[in-house]
Amino acid sequence: MTTTRRIQRVVAGQPASDGAGVRLSRVIGTPQCDHLDPFLLLDEFRSDAADDYIAGFPEHPHRGFETVTYMIHGRMRHKDSTGNSGLLSDGAVQWMTAGRGIVHSEMPEQTDGLLWGYQLWVNLPAALKMSAPRYQDIQSDAIPEVTENGTRVRVVAGTYKGTAGAAETLTEVGYLDVQLEAGATFAHGVPDGHTALAFVYRGTARCADVEVPAGSLAVLETAGHVEFTARDAAGLLLLTGAPLDEPVARYGPFVMNTRDELMQAVQDFQAGRLG
-11 MTTTRRIQRV VAGQPASDGA GVRLSRVIGT PQCDHLDPFL LLDEFRSDAA
39 DDYIAGFPEH PHRGFETVTY MIHGRMRHKD STGNSGLLSD GAVQWMTAGR
89 GIVHSEMPEQ TDGLLWGYQL WVNLPAALKM SAPRYQDIQS DAIPEVTENG
139 TRVRVVAGTY KGTAGAAETL TEVGYLDVQL EAGATFAHGV PDGHTALAFV
189 YRGTARCADV EVPAGSLAVL ETAGHVEFTA RDAAGLLLLT GAPLDEPVAR
239 YGPFVMNTRD ELMQAVQDFQ AGRLG
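So, in structure tokens, the structure goes:
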């Protein structure tokens, strides 16, 4: 392999609220970390207090990007303006391409109290921003896993050691859930120039001489392979992607390339033309 990517910076999640008052930790999409091309937002929702999340995310629009919801524990029911519906449970993923526009809701359903999951926003290039919306509901048993040498890797998107991920992606994006036993090392080749981010959700993971604690995002250099070693048992989400290198115009749930396109998105939503 090439040299190991070093950590450029470590970003801590910031307390935030979204939807109908859901309390969460926002990792990407804050003044401290606005976006990391092609990733626009990363939220962690994790609470066993129902008041923190039970009101959920009532109907809201999207245009111009994709949302990826990954449930670690708990259930999330979704419905949209085109008549689609589904239920995510432990270990499941929803990869939604908003494209030219959709209105949907995401509402938690309690099991034994704990809701724990992640939502990632992936930007779309200008050529795909007005593409047809689509859903991929991927249940836990459909996500391939690679287990060896104290590591267990769930391949949500992209490829790991020749195993293709469960999600079909429109752009060059990788999404791995990496679980490490104490002392185990994970290594993965990523094309030079691609963004590589590692969010540690359990334990502590070390990259070179930097330790990344749970609840923190490691932003890696853009050349070399990715390598992490667990001090104790650890888990991390590895997000990789080819930067789009395009202007980002953003207003709430709309992400386009120009202000005029944003104004059109708002007008289309108000006129009932989304979804």
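If you read the sequence shown in the working numbering, its first letter stands for residue -11, the second for the next number, and so on. All C-beta atoms, glycine included, are put in the ideal place defined by N, C-alpha and C. Quick caveat, the model's predicted, so the values are computed rather than measured.
Could you tell me whether the Cβ atoms of residue i and residue j are closer together than 7 Å?
i: residue 202; j: residue 186; result: no
i: residue 244; j: residue 52; result: yes
i: residue 16; j: residue 208; result: no
i: residue 241; j: residue 50; result: yes
i: residue 274; j: residue 178; result: Here the chain covers residues -11 to 263 and nothing more, so residue 274 does not appear.
i: residue 121; j: residue 86; result: yes
i: residue 33; j: residue 105; result: yes
i: residue 57; j: residue 107; result: yes
Among the options, whose alpha-carbon lies nearest the alpha-carbon of residue i?
i: residue 163; options: 155, 169, 134; result: 155
i: residue 76; options: 60, 150, 176; result: 60
i: residue 132; options: 21, 79, 181; result: 79
i: residue 224; options: 190, 89, 178; result: 190
i: residue 38; options: 21, 100, -2, 81; result: 100
i: residue 68; options: 89, 58, 192; result: 89
i: residue 42; options: 11, 71, 21, 58; result: 11
i: residue 157; options: 169, 237, 144; result: 144
i: residue -1; options: 18, 213, 153, 239; result: 18
i: residue 54; options: 152, 116, 147, 14; result: 116
From the DSSP secondary-structure annotation, give me the bridge partner or partners of residue i.
i: residue 123; result: 84
i: residue 139; result: 136, 168
i: residue 177; result: According to DSSP, residue 177 bridges with nothing at all.
i: residue 16; result: 30
i: residue 23; result: For residue 23, which the question treats as bridged, DSSP gives no partner whatsoever.
My understanding is that residue i touches residue j, with C-beta atoms under 8 Å, so please give their C-beta distance in whole angstroms.
i: residue 182; j: residue 229; result: 6 Å
i: residue 25; j: residue 233; result: 7 Å
i: residue 174; j: residue 195; result: Incorrect: roughly 10 Å between the Cβ atoms, too far for contact.
Can you give the Cα-Cα distance for residue i and residue j, rounded to whole angstroms?
i: residue 188; j: residue 65; result: 26 Å
i: residue 83; j: residue 197; result: 35 Å
i: residue 259; j: residue 30; result: 30 Å
i: residue 2; j: residue 222; result: 21 Å
i: residue 129; j: residue 248; result: 43 Å
i: residue 253; j: residue 149; result: 41 Å
i: residue 95; j: residue 125; result: 15 Å
i: residue 227; j: residue 261; result: 33 Å
i: residue 161; j: residue 239; result: 23 Å
i: residue -11; j: residue 263; result: Residue placement at residue -11 cannot be trusted, given a pLDDT of 48 that sits under 50; what the coordinates show is reported in the next sentence. For residue -11 and residue 263, the distance between alpha carbons rounds to 46 Å.
i: residue 180; j: residue 146; result: 15 Å
i: residue 6; j: residue 21; result: 17 Å
i: residue 48; j: residue 139; result: 38 Å
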